[in-house]
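**Student:** Sequence positions in the sequence shown follow UniProt numbering and run 1 to 293.
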Amino acid sequence: MSLRPDILCIGAMLWDVIGRSSRRMASGADVPGRIRHLPGGVALNVAIALARWQLRPAVLSAVGRDPEGEALLAEAERLGVLTGWLTRDAGPPTDCYMGIEDSQGLIAAIADVHGLEQAGEAILAPLSGELAQWAGPVVLDGNLTEDLLAAIAHFPRLTGADLRVVPASPGKAERLKPLIAARRGCFYLNRLEAEILAGRTCPDAASAAEAVVARGAARVLVTDGPHPAADAVAGGATLTAAPPSVNIARVTGAGDCFLAAHLAAELNHRPREAALRQAVEAAAAHVSGKDVP
1 MSLRPDILCI
11 GAMLWDVIGR
21 SSRRMASGAD
31 VPGRIRHLPG
41 GVALNVAIAL
51 ARWQLRPAVL
61 SAVGRDPEGE
71 ALLAEAERLG
81 VLTGWLTRDA
91 GPPTDCYMGI
101 EDSQGLIAAI
111 ADVHGLEQAG
121 EAILAPLSGE
131 LAQWAGPVVL
141 DGNLTEDLLA
151 AIAHFPRLTG
161 ADLRVVPASP
171 GKAERLKPLI
181 AARRGCFYLN
191 RLEAEILAGR
201 TCPDAASAAE
211 AVVARGAARV
221 LVTDGPHPAA
231 DAVAGGATLT
241 AAPPSVNIAR
251 VTGAGDCFLA
261 AHLAAELNHR
271 PREAALRQAV
281 EAAAAHVSGK
291 DVP
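This is how it looks when you write it as structure tokens:
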């Protein structure tokens with residue numbers, strides 16, 4: 001490979017199919033709106049956002065050899081993502097995510113990541129080759145299977161890596177428990193995901209982040225929609241930052257933009273307060289329909 005990445009993003013790389021209506025929707029609603037096809041998946045979303053921060057991210061994932069897969073690779077590369085370490089299989093089709101949003105946010109979503117799940121540990125093969133003994137940042141996506149995440153918690157080729165872990169959805173949050181038990185990584189959660197991992201409800205992001213730290217995590221960042229986000233560390237002070245108020249134009253991918261902006265700030269040696277502020281502002285800009293920086 002001619003370029004060596006700054007960051008590895010391990011997890012889902014797929015097509016997002018997002019239907020959005022400007023109206024409020026109830027169960028069973030059939031309303032006019034817009035449907036968009038976009039590159040997506042947590043790992044790819046984070047990688048695309050990192051590329052906008054002038055970094056060189058690479059994705060380790062599984063992408064089919066179907067026309068959808070070829071188009072996805074071309075678009076990811078156009079957006080600054082390195083794709084030379086992907087697992088390509090002629091069998092499973094390229095994965096896909098479908099989301100429905102209304103004027104208030106996400107109504108429902110389905111993630112079809114069977115290709116990623118079938119590939120399993122094969123996506124980590126580059127860590128035994130050109131990317132051996134990787135000691136830089138690694139973004140781990142909760143779309144990986146529970147068994148694979150548990151293996152990564154003790155994976156010898158990532159012992160020196162700076163793990164940044166995101167669950168992908170509340171339904172997949174519990175998959176991260178082996179990483180918490182191993183005290184590996186910095187976790188990026190929304191409040192519901194944090195409550196699932198903490199085993200109890202919490203009134204705000206700060207208490208939710210602290211509750212997950214109390215379960216064994218070394219560091220936890222929690223977002224809470226328009227309410228203040230928090231950064232809690234074991235043995236340290238918990239920080240909070242309120243996002244600016246914006247009109248909602250989209251919600252899918254906001255957490256991924258938050259993670260990318262926060263990681264980019266820390267790689268530039270920004271203090272914790274400044275990194276959290278950059279993250280909440282980037283996520284709010286994304287929700288308003290803007291890409292930053």
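The C-beta atom is built at its ideal place from N, Cα and C for all residues, glycine as well. This one's a predicted model, so the numbers in the text were calculated from it and none came from an experiment.
Sort GLU146, PRO156, ASP102 by Cα distance to GLY28 and report the nearest one.
**Tutor:** The shortest C-alpha separation from GLY28 is found at ASP102.
**Student:** Whose C-beta lies closer than 7 Å to the C-beta of MET1 among residues of the same chain, with five residues either side of it excluded?
**Tutor:** Unreliable positioning characterises MET1 in this predicted model, as indicated by a pLDDT of 49, which lies under 50. A coordinate reading is not provided.
**Student:** DSSP on ALA40, reduced to helix/strand/coil?
**Tutor:** Before going on, a small fix: residue 40 reads as Gly here, not Ala. In the structure shown, GLY40 sits in a strand (DSSP, three-state: E or B).
**Student:** Report the CB separation of ALA234 from VAL46 in whole angstroms; it is logged as a contact under 8 Å.
**Tutor:** That belief does not hold up - the Cβ atoms of ALA234 and VAL46 are roughly 24 Å apart, past 8 Å.
**Student:** Rounded to the nearest angstrom, what separates ALA232 and THR223 at their Cα positions?
**Tutor:** Each residue's alpha carbon lies about 12 Å from the other.
**Student:** What first and last residue would you give for the alpha helix (DSSP H) that runs through ASP256?
**Tutor:** First-last of the alpha helix (DSSP H) with ASP256: 254-267.
**Student:** Runs of 4 residues minimum, wholly inside the stretch 126-211: which ones carry the alpha helix (DSSP H) assignment?
**Tutor:** Here the runs fully enclosed are 146-153, 177-181, 191-198.
**Student:** In its own chain, which residues sit with a C-beta less than 7 Å from the C-beta of GLY289, not counting the 5 before and 5 after it?
**Tutor:** These residues qualify, in order along the chain: ALA249, ARG250.
**Student:** List the whole-angstrom C-beta distance separating GLY120 from THR145, where the pair is believed to meet the contact cut-off of C-beta under 8 Å.
**Tutor:** Sure, about 7 Å apart at Cβ, within 8 Å.
**Student:** Can you tell me the Cβ-Cβ gap for GLY19 and LEU140, rounded? I've got them flagged as a contact below 8 Å.
**Tutor:** So it is not a contact: roughly 29 Å between Cβ atoms.
**Student:** Nearest-angstrom Cα distance between ALA108 and ILE100?
**Tutor:** Whole-angstrom Cα-Cα distance: 5 Å.
**Student:** Who are PRO57's beta bridge partners in DSSP?
**Tutor:** Paired residues: ILE7.
**Student:** For GLY275, which three-state DSSP category applies?
**Tutor:** In the sequence on display, residue 275 carries Ala and not Gly. Looking at ALA275 - three-state DSSP - the assignment turns out to be helix.
**Student:** Tell me the DSSP secondary structure of ARG20 in three-state form.
**Tutor:** Reduced to three states, the DSSP call for ARG20 is strand.
**Student:** Does DSSP put ALA26 in a helix, in a strand, or in coil?
**Tutor:** Coil, per DSSP.
**Student:** Use the C-beta contact count for GLY105: other C-beta atoms within 10 angstroms, 16 or more gives buried, fewer gives exposed.
**Tutor:** It counts as exposed.
**Student:** On the three-pair Cβ rule with 8 Å, is the stretch 50-57 touching the stretch 26-42?
**Tutor:** These segments do not touch.
**Student:** Relative to the alpha-carbon of LEU60, which residue among TRP134, ALA26, SER21 has its alpha-carbon at the smallest distance?
**Tutor:** Measuring from the Cα of LEU60, the nearest candidate turns out to be TRP134.
**Student:** Just the Cα atoms here: how many angstroms apart are ALA74 and ASP291?
**Tutor:** Taking the straight line joining both Cα atoms gives about 20 Å.
**Student:** Just mark ASN190 as buried or exposed, buried being the case when its beta carbon has 16 or more other beta carbons within 10 Å.
**Tutor:** Classification of ASN190: buried, given that the 10 Å Cβ count is 16 or more.
**Student:** Might you give, ordered along the chain, the residues of its own chain that have their beta carbon closer than 8 Å to the beta carbon of GLY142, omitting 5 neighbours on each side?
**Tutor:** The answer, listed in chain order, is GLY11, VAL42, LEU149, VAL165, VAL166, PRO167, ALA168, SER169, LYS172, ALA173, ARG175, LEU176.
**Student:** Mind checking whether ARG52 and PRO293 have CB atoms under 7 Å apart?
**Tutor:** Cβ distance < 7 Å, so ARG52 and PRO293 count as in contact.
**Student:** Which residue marks the beginning of the alpha helix (DSSP H) containing ALA71, and which one marks its end?
**Tutor:** 67-78 is the span of the alpha helix (DSSP H), which, as asked, contains ALA71.
**Student:** Rounded to the nearest angstrom, how far is the Cβ of LEU179 from that of ALA153, given a contact under 8 Å?
**Tutor:** That pair is a contact at about 5 Å.
**Student:** How long is the line joining the alpha carbons of VAL220 and LEU116, rounded to whole angstroms?
**Tutor:** About 26 Å.
**Student:** Please list the segments of the beta strand (DSSP E) lying wholly inside the stretch 225-250, counting only runs of 3 or more residues, in order along the chain.
**Tutor:** Complete beta strand (DSSP E) runs here, min 3: 227-233, 239-241.
**Student:** Taking buried to mean at least 16 other C-beta atoms within 10 Å of its own C-beta, is THR201 buried or exposed?
**Tutor:** Classification of THR201: exposed, given that the 10 Å Cβ count is below 16.
**Student:** Would you say PRO228 and THR240 are within 7 Å of each other, going by their C-beta atoms?
**Tutor:** For PRO228 and THR240, yes; Cβs fall inside 7 Å.
**Student:** In its own chain, which residues sit with a C-beta less than 8 Å from the C-beta of VAL246, not counting the 5 before and 5 after it?
**Tutor:** The answer, listed in chain order, is ALA284, ALA285, VAL287, SER288.
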